[in-house]
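To start, the structure under review is shown below, and the notes come after it.
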Amino acid sequence: MAKNQYHHHHHNNNISSSQFSLHFCYVLFTLALISSIPFLYFSINPCKAQNLNFFSSKAAADPPSFSGHLDSLPFAWNHLTFSSNPPPKRLNIALFVKKWPRGDRAGGLERHALTLHLALAARGHATHVFTVYPGARPPPELSPPNLHYHFSAPTRSGGLDQGLAWQQFLAANSTRAFDVIHTESVGLHHFHARNLTNVAVSWHGIAYECVHSDIAQDLARAPGEPRPVKLKSIIADRVFKVIEEVKFFDDYAHHVATSDHVGDILRRIYMIPQERVHVILNGVDEKIFKHDPSRGLAFRRKHGVPDSAKLVLGMSGRLVKDKGHPIMVEALKQILRENALLLKDVYLLVAGDGPWGDRYRELGKNMLVLGPLDRLVLSDFYNAIDVFVHPTLRAQGLDQTVLEAMLSGKPVMVARFAGITESAIVGPEMGYVFSPKVVQVKENLYRVIKDGRDVLSKKGEVAKQRALKLFTASKMAAAFERMFLCISNEEYCRYPLPSD
Numbered sequence: 112m113a114k115n116q117y118h119h120h121h122h123n124n125n126i127s128s129s130q131f132s133l134h135f136c137y138v139l140f141t142l143a144l145i146s147s148i149p150f151l152y153f154s155i156n157p158c159k160a161q162n163l164n165f166f167s168s169k170a171a172a173d174p175p176s177f178s179g180h181l182d183s184l185p186f187a188w189n190h191l192t193f194s195s196n197p198p199p200k201r202l203n204i205a206l207f208v209k210k211w212p213r214g215d216r217a218g219g220l221e222r223h224a225l226t227l228h229l230a231l232a233a234r235g236h237a238t239h240v241f242t243v244y245p246g247a248r249p250p251p252e253l254s255p256p257n258l259h260y261h262f263s264a265p266t267r268s269g270g271l272d273q274g275l276a277w278q279q280f281l282a283a284n285s286t287r288a289f290d291v292i293h294t295e296s297v298g299l300h301h302f303h304a305r306n307l308t309n310v311a312v313s314w315h316g317i318a319y320e321c322v323h324s325d326i327a328q329d330l331a332r333a334p335g336e337p338r339p340v341k342l343k344s345i346i347a348d349r350v351f352k353v354i355e356e357v358k359f360f361d362d363y364a365h366h367v368a369t370s371d372h373v374g375d376i377l378r379r380i381y382m383i384p385q386e387r388v389h390v391i392l393n394g395v396d397e398k399i400f401k402h403d404p405s406r407g408l409a410f411r412r413k414h415g416v417p418d419s420a421k422l423v424l425g426m427s428g429r430l431v432k433d434k435g436h437p438i439m440v441e442a443l444k445q446i447l448r449e450n451a452l453l454l455k456d457v458y459l460l461v462a463g464d465g466p467w468g469d470r471y472r473e474l475g476k477n478m479l480v481l482g483p484l485d486r487l488v489l490s491d492f493y494n495a496i497d498v499f500v501h502p503t504l505r506a507q508g509l510d511q512t513v514l515e516a517m518l519s520g521k522p523v524m525v526a527r528f529a530g531i532t533e534s535a536i537v538g539p540e541m542g543y544v545f546s547p548k549v550v551q552v553k554e555n556l557y558r559v560i561k562d563g564r565d566v567l568s569k570k571g572e573v574a575k576q577r578a579l580k581l582f583t584a585s586k587m588a589a590a591f592e593r594m595f596l597c598i599s600n601e602e603y604c605r606y607p608l609p610s611d
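Residue numbers (our numbering): 112 to 611.
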């Protein structure tokens, strides 16, 4: 993410307490100032604030129809309908991304780049990928003839060599000029981007969200657990990173937010003009992640879940502290102490690995840690569960695992981070939300068990319909294609066109 590129502010260990107090007071003042902006905004925009009410039955309502210049679109591009016919122009695209996926152990940013540009290649566009060599050539299915790789050796820190990648770009651009340049986060550094009018940067996480993550992780501390000694300096650094981002984000001509929440922050907090901020929600491959109960049944049986199981909960990802596993484990422990019979026929499937895997195994034979799964098997995993539980303590945009579960027809129980609750799980008809506290996780688990499989199935159907409408790779690629066409030629910036 962009925040990793900045020079960190180092505190002198010998700094006096008075100096630190003055410094931290400045930080608190800055935070208060930033926090006041949303308050003022919602005070003068009450309709926007009302739409954020998770318990509103109209939470998932469609936005009004739109006609005009796409730069003034007030909602996510995914809500629009674009032509599925061959594009009017075959684009030549440059893509800068720090890493390229190797196998199925890719992060969300790399997976977004791969999913998007494979879909654009299938539409006939050419993409030149400037990235670090992943250790092996991509397999044939990831190497269509119009996807061209320009690999380079990583820097000592494992990042993309900006100087070398830029020289590779200039050489390719001299042969055939690029119509548009796409950078995933700061894959292309802002000092190269500042003089380019045809560059679009997509953000998957920003420093402002990291402050929210720090708050959530502090709320999740167990009773008596000491607050980390370095937390004050960490939050201080976060605030200064926000300030640095506000300064250099302006060097990029166009900004793509992958969640409604980040789009809102870019406009209001980072003060980027409305016409340069575009919201295109994340999408995942609907050919892989789809509702298939028969494959789910086979998966349960393969892993020893009896047909008589009352309920199957599921989680996936790295089993580490900041993904919320401490509060999930503690909530399950408390339920076992309070009402062990309630969980007698309830199973938990965990697709992932990490230090918290053993903690789940210690809770009983119904807690099955499966290790990491490849994407095809992960699709079967989603079909095997009744509800997807996502207890992360990190605000990380619109998480792809949530979208994968929704496309598979599953409701989601998720921490109350706006990146998810403003775009995906926007109402109780498709899932459950909780604050990052053990008591709230436990209350929601009790509610899920009480609701039972029939209610969960109905919620899952609503979630699936929303995902099919907004969160498919096809929908995401269609929106990016139109935005890239618009950047390359003003005539494509009107909506609707006759072809739409």
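Using N, Cα and C, we set each Cβ at its ideal position, and we do this for glycine too.
Just so it is clear, the structure is predicted and the values come from calculations on it, not from any experiment.
Taking the C-beta atoms as reference points, THR369 is found no nearer than 8 Å to LEU342. Going by DSSP, SER427 is part of the beta strand (DSSP E) stretching over 422-427. If you keep only unbroken beta strand (DSSP E) runs of at least 3 residues inside the stretch 231-287, you get 237-243, 258-263.
By a beta-carbon distance limit of 8 Å, ASP396 contacts ALA584. Their separation comes to about 5 Å. DSSP places ASN203 inside the beta strand (DSSP E), whose first and last residues are 203-207. Collapsing the DSSP output to three states places ARG338 in coil. Taking 8 Å as the cut-off, the beta carbon of LEU479 is found closer than this to the beta carbon of HIS414.
In this structure, ASP325 is the residue among GLY335, PHE591, ASP325, LEU481 with its C-alpha nearest to the C-alpha of ALA347. Contact annotation, PHE280 with PHE241: C-beta distance approximately 6 Å; criterion of less than 8 Å satisfied.
In terms of CA proximity to ALA304, ASP361 leads the group PRO547, GLU356, LYS210, ASP361. Around the beta carbon of GLN507, 16 or more other beta carbons lie within 10 angstroms, which makes this residue buried. Fewer than three Cβ pairs drawn from the stretch 548-557 and the stretch 597-611 lie within less than 8 Å of each other, which leaves the two stretches out of contact.
Taking GLY520 as the centre and dropping the five residues before and after it, the same chain places the C-beta of HIS402, GLY571, LYS575 closer than 6 Å to its C-beta, in chain order.
In the DSSP annotation of this structure, the continuous segment of the alpha helix (DSSP H) that includes TYR471 starts and ends at 468-472. Selection GLU320, HIS315, ILE292 evaluated against THR308 yields ILE292 as nearest (Cα-Cα). A Cβ-Cβ distance of about 16 Å is found for the pair GLY465 and VAL500, leaving them out of contact under the 8 Å criterion.
By the criterion of at least three beta-carbon pairs nearer than 8 Å, the stretch 431-440 is in contact with the stretch 487-503. In this structure, HIS261 places its C-beta atom within 8 Å of the C-beta atom of HIS239. Distances from the alpha-carbon of GLY428 to those of HIS389, VAL310, GLY482 put GLY482 closest. Every beta strand (DSSP E) stretch that sits fully inside the stretch 495-572 and reaches 3 residues is listed by chain position as 498-501, 523-526, 542-545. Where ALA462 is concerned, the enclosing beta strand (DSSP E) starts and stops at 457-462. The C-beta distance from ALA232 to ASN257 rounds to 5 Å, short enough to fall under 8 Å.
Under the three-state reduction of DSSP, SER178 is assigned to coil, being neither helix nor strand. Counting C-beta pairs closer than 8 Å gives fewer than three between the stretch 514-533 and the stretch 453-460, which falls short of the contact rule. Annotated three-state conformation of MET439 is helix, per DSSP. Annotation: the continuous alpha helix (DSSP H) that includes ILE376 extends over 371-379. In this structure, VAL423 sits near LEU460, with a CB-CB distance shorter than 8 Å.
Going by DSSP, MET382 is part of no beta strand (DSSP E) at all; its letter is neither H nor E.
Nearest Cα to LEU443 within the set VAL350, ARG472, GLN328: ARG472. Look at HIS223 here: in three-state DSSP terms it is helix. Boundaries of the beta strand (DSSP E) harbouring HIS389: 388-390, taken from the DSSP string. Here DSSP, grouped into helix, strand and coil, assigns TYR319 to helix. Close CB contacts of MET517 within its chain, under the 7 Å cut and outside five residues either way in sequence, are with VAL523, ALA535, ALA574, LYS575, ARG577, ALA578, PHE582 (chain order). Secondary-structure assignment with DSSP links THR583 through a beta bridge to VAL395. Between SER194 and ASP611, the C-beta gap is smaller than 8 Å, which places the two residues in contact.
Per DSSP, ALA304 lies in no beta strand (DSSP E) segment; the continuous alpha helix (DSSP H) that holds it begins and ends at 301-304.
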